[in-house]
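So the sequence shown is residues 15 to 565, counted in the working numbering. Presented below is the structure to which this report refers.
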Amino acid sequence: MRITIAQLNPTVGDIEGNTGKLVHAMAASHGRRPPDLVVFPEMFIVGYPPKDLLERDWFVRQVLDGIERVREVSRGYPETGILLGAPLPTGRPNGKGLHNAAVLLHNGEVVATRYKALLPTYDIFDEDRYFDAARSVEPVPFKGESLGIHVCEDAWMDSAMWPKRPPYDLDPVAELARQGATMLINISASPFSVGKEMTRYSLISGHARRHGIPFFYVNQIGGNDDLVFDGRSVTVNGRGEPIAVLHPFTEQIVTVDTAAAQPLGAYTPQEEIASVHDALVLGLKDYVRKVGFTRVVIGLSGGIDSAVTCALAVAALGRENVLGVGMPSRYSSQGSLDDAERLARNLGIDYKVIPIMEVYRAYLEALAPHFEGRAPDATEENIQARIRGNYLMALSNKLGHMVLSTGNKSELAVGYCTLYGDMSGGLAVISDVPKTMVYELARYMNREREIIPPASITKPPSAELRPNQTDQDTLPPYPVLDAILYQYIEELRSVDEIVAQGFDPETVRWVVRTVDRNEYKRKQAAPGIRVTSKAFGVGRRMPIAARFRHS
């Protein structure tokens with residue numbers, strides 16, 4: 015069978031635009047010999063995740079109209095089936111009222127629908143909120159094959175993936191194989207996180223090897239809000255060997271002939287820091303574009319975080335669409351001012367300098383009667399950050415640029431950031447990137463030529479809000495802080511478990527207390543781009559007004 019994989023980038027809610035992408039892909043897939051089947055990702059017609067749009071009746075009606083258009087399109091390709099994902103009404107009075115469905119169309123008819131059986135409701139997923147699970151699974155006969163069509167999570171019921179306890183009782187892939195499927199096809203919208211690519215490949219290859227059946231995995235790409243989808247669609251033969259591997263983070267349409275395809279050799283995942291870089295670039299590009307902006311503005315301090323954010327913005331949007339702004343105070347070192355200017359020159363972006371000292375003095379004079387008798391503290395430092403945030407937001411309003419905030423995950427975790435100051439912005443680009451990984455990104459960006467000035471990488475990080483300030487005056491060394499944060503946030507370890515790994519008990523307790531105390535700040539942060547397995551945002555739902563004791 016000749017199957018075309020359409021690894022595409024849908025926009026959530028844009029049924030007309032997504033259907034247009036399908037029409038283009040159908041035309042592109044038909045050369046001298048048409049494919050038997052063209053496969054699109056999970057929920058392709060609406061993009062994933064559509065969230066509470068699914069609760070609007072008018073939206074579901076638009077989905078059905080979109081499927082009707084695809085049905086008409088399929089008449090023009092009588093030799094080819096079209097398989098795509100869509101939300102479909104269940105037709106039952108009870109339950110959520112929708113299925114997460116795979117729809118197979120051929121020659122003007124819907125010839126089969128198959129529904130997602132395993133509904134993920136953990137971390138970033140909330141499918142049980144919207145969908146009813148399939149009551150059973152069965153293959154679809156099509157063109158002499160028995161297609162084991164299933165949707166995303168249906169392939170993740172592998173005991174090796176769940177060391178504690180498998181979350182489901184049904185194994186859809188095993189059941190499809192038991193019923194005689196000759197080919198497994200998984201339509202997916204699987205978000206990116208560091209290291210997930212190899213996990214997915216091992217899962218897919220294991221299913222194919224275990225059942226002796228070829229496996230087609232079709233994933234979407236693109237950024238939708240805080241999620242980035244990396245694609246990396248893959249086909250493996252019945253021995254679990256890759257016979258087609260699509261590029262990550264790139265739209266691609268590839269046809270695979272199962273009768274003629276040869277193994278490609280060992281599967282090689284993308285280098286992890288390269289994948290993080292590409293995920294951030296795509297996530298930034300799509301977020302800015304899909305919400306209706308074309309240009310961005312960034313405050314450049316001369317430090318590594320703003321430098322990396324700016325370089326990502328240029329890679330995503332082009333240098334002509336990025337404005338850098340230096341906003342020096344009396345505490346800004348000449349070295350930092352030089353580094354910001356050098357970065358702007360390296361990237362070829364427009365760069366402006368707007369000093370803040372005059373406005374800062376006006377703030378201090380206005381507040382002096384109310385601060386009388388109180389020593390200077392973080393208040394005066396934060397005023398500087400808030401002036402800078404106001405400058406950037408004023409430029410955003412006047413010029414129509416989106417502000418990109420530049421704080422990293424380590425800072426956001428412990429609240430080493432200023433509400434309505436450096437946290438201001440429409441997108442927090444590196445808010446899921448730990449500080450130690452920010453350094454890795456900078457070195458990766460400089461692999462061919464200097465983009466990030468060397469001093470921005472080598473000098474001690476500092477907010478430069480008071481004389482001789484460095485981050486390590488307040489925080490543990492970043493390698494220690496990031497290691498503790500990883501154990502607490504991503505691995506969900508208790509204080510005692512983290513201390514048992516050899517960390518200083520007082521440092522661990524300080525980090526955990528500080529993370530908990532700053533939940534209110536993170537609730538007000540701009541959306542970020544998820545690249546780790548546990549980002550701040552929709553996938554981490556901690557109470558704010560709470561009191562609990564760690565053990």
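Glycine included, every Cβ here is placed at the ideal spot set by N, Cα and C.
Counting Cβ pairs closer than 8 Å, one from the region 47–57 and one from the region 295–302, do we hit at least three?
The region 47–57 vs the region 295–302: no contact.
Tell me the DSSP bridge mates of Gly245?
Counted from its first residue, the sequence shown places residue 245 at position 231. Answer by DSSP bridge pairing, in chain order: Pro262.
Per DSSP, which one or two residues make a beta bridge with Phe230?
Numbered from 1 along the sequence shown, position 216 holds the residue referred to as residue 230. Answer is Ile199 and Thr249, bridged to Phe230.
By a C-beta neighbour count over all protein chains shown, 10 Å radius and 16 as the cutoff for buried, is Val187 buried or exposed?
In the sequence shown, counting from the first residue as 1, residue 187 sits at position 173. When all chains shown are included, Val187 counts as buried.
Taking the Cβ atom as the reference point for each residue, do Ala549 and Asp352 lie within a distance shorter than 8 Å?
Position 535 of the sequence shown holds residue 549. Position 338 of the sequence shown holds residue 352. Cβ atoms of Ala549 and Asp352: not closer than 8 Å.
Find out if the Cβ-Cβ distance for the pair Val322, Thr546 is shorter than 8 Å.
Indexing the sequence shown from 1 puts residue 322 at position 308. Indexing the sequence shown from 1 puts residue 546 at position 532. Their beta carbons are not under 8 Å apart, which means Val322 does not touch Thr546 by this criterion.
So for Met407, helix, strand or coil by DSSP?
On the sequence shown, residue 407 is found 393 positions in, with the first residue counted as 1. Residue state, collapsed to three classes: helix.
Would a check of beta-carbon distances place Tyr405 closer than 8 Å to chain D?
Given the protein chain composition of this structure (a single chain), no chain D is represented.
Between Gly45 and the ligand HEM, is there a pair consisting of the residue's CB and a ligand heavy atom that are separated by less than 7 Å?
You won't find the ligand HEM in this model; it holds no ligand whatsoever.
Shortest alpha-carbon distance to Ala115 belongs to which of Asn108, Glu86, Val77 and Asn121?
Residue numbering aside, residue 115 sits at position 101 when the sequence shown is read from its first letter. With distances taken between Cα atoms, Ala115 lies closest to Val77.
Need the endpoints of the beta strand (DSSP E) that Val417 sits in, please.
The sequence position of residue 417 within the sequence shown is 403, counting from 1. Unbroken beta strand (DSSP E) run through Val417: Met416 to Ser419.
Looking only at its own chain, which residues have a Cβ that is under 7 Å from the Cβ of His120, when we skip the five neighbours before and after it?
Within the sequence shown, the letter at position 106 stands for residue 120. Within the same chain, His120 has close Cβ partners Ser88 and Gly95.
Under a Cβ-count criterion, where at least 16 other Cβ atoms within 10 Å of its own Cβ denotes burial, should Met212 be classed as buried or exposed?
Residue numbering aside, residue 212 sits at position 198 when the sequence shown is read from its first letter. With fewer than 16 other Cβ atoms within 10 Å, it is exposed.
Sort Arg359, Thr484, Val311 and Ser343 by Cα distance to His415 and report the nearest one.
Within the sequence shown, numbered from 1, the residue matching residue 415 stands at position 401. For His415, the nearest C-alpha among the options comes from Val311.
Do Val428 and Asn532 count as a contact pair if the criterion is CB distance below 8 Å?
As a position in the sequence shown, residue 532 is number 518, starting the count at 1. As a position in the sequence shown, residue 428 is number 414, starting the count at 1. Cβ distance < 8 Å, so Asn532 and Val428 count as in contact.
I need the DSSP call for Pro256, collapsed to helix, strand or coil.
Translated into the one-based positions of the sequence shown, residue 256 becomes position 242. Pro256 falls in the strand class under three-state DSSP.
Between the alpha carbons of Glu504 and Gln234, how many angstroms are there, rounded?
In the sequence shown, residue 504 corresponds to position 490, counting from 1. In the sequence shown, residue 234 corresponds to position 220, counting from 1. If you take the alpha carbons of Glu504 and Gln234, they lie about 25 Å apart.
Taking 8 Å as the cut-off, decide whether the C-beta atoms of Gly254 and Ile227 are in contact.
In the sequence shown, the residue the question calls residue 254 occupies position 240. In the sequence shown, the residue the question calls residue 227 occupies position 213. Not in contact: Gly254 and Ile227 (Cβ atoms no closer than 8 Å).
Closer than 6 Å by C-beta to Phe73: which residues in its own chain qualify, once you throw out the five before and the five after it? Chain order, please.
On the sequence shown, residue 73 is found 59 positions in, with the first residue counted as 1. Counting only Cβ-Cβ distances below 6 Å, and skipping sequence neighbours, we find Leu67.
Taking the beta carbon of Ser43 as the centre, do at least 16 other beta carbons fall within 10 Å, making it buried, or is it exposed?
Here the question's residue 43 lines up with position 29 in the sequence shown. Looking at its Cβ environment, which holds 16 or more other Cβ atoms inside 10 Å, Ser43 is buried.
Can you give the beta carbon distance from Ser350 to Gly317, rounded, assuming they're within the 8 Å contact cut?
Taking the first residue of the sequence shown as position 1, residue 350 is located at position 336. Taking the first residue of the sequence shown as position 1, residue 317 is located at position 303. Confirmed, Cβ separation roughly 7 Å.
Secondary structure at Val268, three-state DSSP: helix, strand or coil?
Your numbering for residue 268 matches position 254 in the sequence shown. It is a strand residue.
Suppose you measure from the CA of Ala148 to the CA of Asp168; what does that come to, to the nearest Å?
In the sequence shown, residue 148 corresponds to position 134, counting from 1. In the sequence shown, residue 168 corresponds to position 154, counting from 1. Going by the C-alpha atoms only, they are around 10 Å apart.
Take the Cβ of Phe230 as the centre, count every other Cβ of all protein chains shown within 10 Å, and call the residue buried at 16 or more, exposed below.
Here residue 230 corresponds to residue number 216 of the sequence shown, with the count starting at 1. By the neighbour-count rule (16 or more Cβ atoms within 10 Å), Phe230 is buried.
Would Ile199 pass as a contact of Ile163 if the rule is Cβ separation under 8 Å?
As a working note, residue 199 is residue 185 in the sequence shown. As a working note, residue 163 is residue 149 in the sequence shown. A contact, by the Cβ cut-off of 8 Å.
Identify every residue that forms a DSSP beta bridge with Ile19.
Start at 1 with the first residue of the sequence shown, and residue 19 comes out as number 5. Its beta-bridge partners are Val53 and Val268.
Answer with buried or exposed for Met437, where buried requires no fewer than 16 other C-beta atoms within 10 angstroms of its C-beta.
If you number the sequence shown from 1, residue 437 lands on position 423. Label assigned to Met437: buried.
Within this structure, are the beta carbons of Ala442 and Ala540 separated by less than 8 Å?
To locate residue 442, count along the sequence shown from 1; it is residue 428. To locate residue 540, count along the sequence shown from 1; it is residue 526. Taking 8 Å as the Cβ cut-off, Ala442 and Ala540 qualify as a contacting pair.
Measuring CB atoms only, is the region 398–413 touching the region 459–471, in the sense that at least three cross pairs come out at less than 8 Å?
Not touching, per the Cβ criterion.
Counting only the same chain and skipping the five closest in sequence on each side, list residues whose C-beta sits under 7 Å from that of Arg344.
Numbered from its first residue, the sequence shown carries residue 344 at position 330. The residues are Met371.
How about Leu314 and Leu361: do their beta carbons lie closer than 8 Å?
Working through the sequence shown from its first residue, we reach residue 314 at position 300. Working through the sequence shown from its first residue, we reach residue 361 at position 347. No. Outside cutoff.
Pick helix, strand or coil for Arg554, following the three-state DSSP scheme.
Mapped onto the sequence shown, residue 554 falls at position 540. In the structure shown, Arg554 sits in a strand (DSSP, three-state: E or B).
According to DSSP, Gly122 sits in a beta bridge with which residue or residues?
Here residue 122 refers to the residue found at position 108 when the sequence shown is read from its first residue. Its beta-bridge partners do not exist; DSSP assigns none.
Considering Cα atoms alone, identify which of Phe385, Pro519 and Ala258 is closest to Thr18.
Along the sequence shown, one-based indexing puts residue 18 at 4. Ranking the options by Cα distance to Thr18, first place goes to Ala258.
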